[in-house]
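In what follows, a single structure is set out as structure tokens and then discussed.
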Amino acid sequence: MSPRDTEYAQERAELLRSARAYLEWEAELSTLGIPHATLARASATARATPPIAQPIVPVPHESHGAAHAREQQAPSPQPQAPSARPQAPNPQSQAPSPQQQGRDVPPTGVPAEKRARLAVLDQEARGCARCELAKGRTHTVFARGNPDSPIAFVGEGPGQEEDRAGSPFVGPAGQLLDKMVGAMGFARDDVYICNVVKCRPPGNRTPLPVEAQACAPYLLGQLEAVRPRIIVALGRCAAENMGLVGAGGWRGRWGKFQGVDVMPTYHPAFLLRSPEYKRPVWEDLQQVMARLKQPG
Numbered sequence: 582m583s584p585r586d587t588e589y590a591q592e593r594a595e596l597l598r599s600a601r602a603y604l605e606w607e608a609e610l611s612t613l614g615i616p617h618a619t620l621a622r623a624s625a626t627a628r629a630t631p632p633i634a635q636p637i638v639p640v641p642h643e644s645h646g647a648a649h650a651r652e653q654q655a656p657s658p659q660p661q662a663p664s665a666r667p668q669a670p671n672p673q674s675q676a677p678s679p680q681q682q683g684r685d686v687p688p689t690g691v692p693a694e695k696r697a698r699l700a701v702l703d704q705e706a707r708g709c710a711r712c713e714l715a716k717g718r719t720h721t722v723f724a725r726g727n728p729d730s731p732i733a734f735v736g737e738g739p740g741q742e743e744d745r746a747g748s749p750f751v752g753p754a755g756q757l758l759d760k761m762v763g764a765m766g767f768a769r770d771d772v773y774i775c776n777v778v779k780c781r782p783p784g785n786r787t788p789l790p791v792e793a794q795a796c797a798p799y800l801l802g803q804l805e806a807v808r809p810r811i812i813v814a815l816g817r818c819a820a821e822n823m824g825l826v827g828a829g830g831w832r833g834r835w836g837k838f839q840g841v842d843v844m845p846t847y848h849p850a851f852l853l854r855s856p857e858y859k860r861p862v863w864e865d866l867q868q869v870m871a872r873l874k875q876p877g
């Protein structure tokens, strides 16, 4: 097979993968009139085509017990992110486990300067004791995905399984997020994913303002290093900590954070509890895709 034929085959595989992800997401929304047999044939064809993306590493099952009923409550005061840089890591902090040592490795092609900056922030976060959350963590949860992506997703904080794995969005909410990302035309790890706080809040509760403020330098550092074109704020907590919750509502309304366009939408964990809100989220993501196609 010639190099040109190989390139055509790769493009065809990517198109089939994107089409399959889109059809599966629309099927979840129950908006398609496509017979199940047709959808099954499309899925089988896509699965039979050799993938060109990096392999997906199996992840543990998540028990995300945090209730996201706050998604539609009245707005609360907007905490201000501190400008101070994170403290240097504590030399006495626990060394990363073998599981952590291999996590969150940026894909090849990411600029060395960006990789180095994110590695420093990750190491600083592992030794952080700026708030009470540090006392109960198993691992810090820094990020996953491609730091050279034009889009970054920001959630609120790790749950129990993320705390164990040291990676964000690894259970049912993460699987739903992966479907959303796939329906947008991206592979699972083609986007950058992180959280407002890097340690698990007790009982998977929403991070307190003081905890979000303590962790803000890490999030700010990540977004400054990644420099995405668009940020998707997943849930009210993320929107609040970007100053995007106001009297006129927050979901589906474009805002700015550190000069970057932000689209706030519902958290995937909330969608698992309230699937009727999947359609508004898809409308928000369609706005994101349309803006990504505009000249940067």
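Residue 838 in the working numbering sits at position 257 of the sequence shown, with consecutive numbering throughout. Positions of the beta carbon are idealized from the N, C-alpha and C atoms, including for glycine. Values in this document were obtained by computation on a predicted structure and should not be read as measured data.
Have a look at alanine 706 and glutamate 805 and give me their C-alpha separation to the nearest angstrom.
-> 16 Å
In the structure shown, what three-state DSSP assignment does aspartate 842 receive?
-> strand
Taking glutamine 756 as the reference, which of Thr721, Gln704, His848 and Ile732 has the closest Cα?
-> His848
Across which residues does DSSP place cysteine 775 in a beta bridge pair?
-> Ala724 and Val735
Just the Cα atoms here: how many angstroms apart are glycine 816 and serine 583?
-> One C-alpha to the other measures close to 47 Å.
Using a Cβ-Cβ cut-off of 7 Å (strictly less than) and excluding sequence neighbours within five positions of valine 722, which residues of its own chain qualify?
-> For valine 722, where only same-chain residues beyond five positions count, the Cβ hits under 7 Å are Pro739, Glu743, Asp744, Gly747, Ser748, Pro749, Asn776 and Lys779.
Leaving out five residues on either side along the sequence, give the residues of the same chain with a beta carbon under 6 Å from the beta carbon of valine 841.
-> If we look at valine 841 and ignore the five residues flanking it on each side, its Cβ neighbours are Ile812.
Determine the extent of the alpha helix (DSSP H) in which valine 762 is found, giving its start and end residues.
-> Note, valine 762: alpha helix (DSSP H), 753-764.
Of the residues Glu694, Cys709 and Arg769, the one placed nearest histidine 720, counting alpha carbons only | Ranked by Cα distance from histidine 720, the first of Glu694, Cys709 and Arg769 is Cys709.
Quick one: using the 10 Å Cβ neighbour count with 16 as the cut-off for buried, is glutamate 821 buried or exposed?
-> buried
Would you identify the three-state DSSP class for valine 791, choosing helix, strand or coil?
-> helix
Taking Cβ to Cβ, would you say alanine 828 is nearer than 8 Å to arginine 711?
-> no
In three-state terms, what does DSSP make of tyrosine 858?
-> helix
Have a look at proline 856 and aspartate 771 and give me their C-alpha separation to the nearest angstrom.
-> In this structure, the CA atom of proline 856 is about 25 Å from the CA atom of aspartate 771.
Would tyrosine 773 pass as a contact of alanine 724 if the rule is Cβ separation under 8 Å?
-> yes
Valine 813 - containing beta strand (DSSP E), residue span | 811-815
Quick one, which of Tyr799, Gly717, Gly833 and Asp759 has its alpha-carbon nearest arginine 781's?
-> Gly717
For lysine 837, is the classification buried or exposed, using 16 other Cβ atoms within 10 angstroms of its Cβ as the cut-off for buried?
-> exposed
Does DSSP classify glycine 747 as helix, strand or coil?
-> coil
Enumerate in chain order the residues of its own chain whose CB-to-CB distance from aspartate 759 is below 7 Å, with the five nearest sequence positions on each side excluded.
-> Arg769
Can you name, in chain order, every residue of its own chain whose Cβ lies under 8 Å from the Cβ of leucine 873, other than the five neighbours on each side?
-> A distance below 8 Å between beta-carbons, with the five flanking residues on each side excluded, links leucine 873 to the following residues of its chain, in chain order: Pro731, Ile732, Arg810 and Ile811.
Can you name, in chain order, every residue of its own chain whose Cβ lies under 6 Å from the Cβ of glycine 833, other than the five neighbours on each side?
-> The residues are Asp865.
How about alanine 814 and alanine 754: are their beta carbons less than 8 Å apart?
-> Against a cut-off of 8 Å, the Cβ pair of alanine 754 and alanine 814 comes out as no contact.
Going straight from the alpha carbon of alanine 669 to that of alanine 697, what length do you get?
-> With a pLDDT of 38 at alanine 669, under the threshold of 50, the modelled position of that residue is not reliable, and no figure is offered here.
Find out if the Cβ-Cβ distance for the pair valine 791, aspartate 729 is shorter than 8 Å.
-> no
Identify the continuous alpha helix (DSSP H) that holds glutamate 713 and give its terminal residues.
-> Premise fails: glutamate 713 is in no alpha helix (DSSP H) and is neither H nor E.
In chain order, what residues of the same chain lie with their CB nearer than 8 Å to the CB of glutamate 737, ignoring the 5 residues before and after it?
-> Asn776, Val777, Val778, Thr787, Pro788, Leu815, Gly816, Cys818, Ala819 and His848
Unbroken alpha helix (DSSP H) run spanning valine 701, endpoints = 693-707
When Leu699, Glu694, Trp863 and Ala693 are compared against tyrosine 799, the one with the closest alpha-carbon | Leu699
Valine 826 vs threonine 846 beta-carbon contact at 8 Å = no
Quick one: measure Cβ to Cβ for glycine 824 and leucine 702, integer angstroms, because I've assumed they're closer than 8 Å.
-> Not confirmed; about 22 Å, so no contact.
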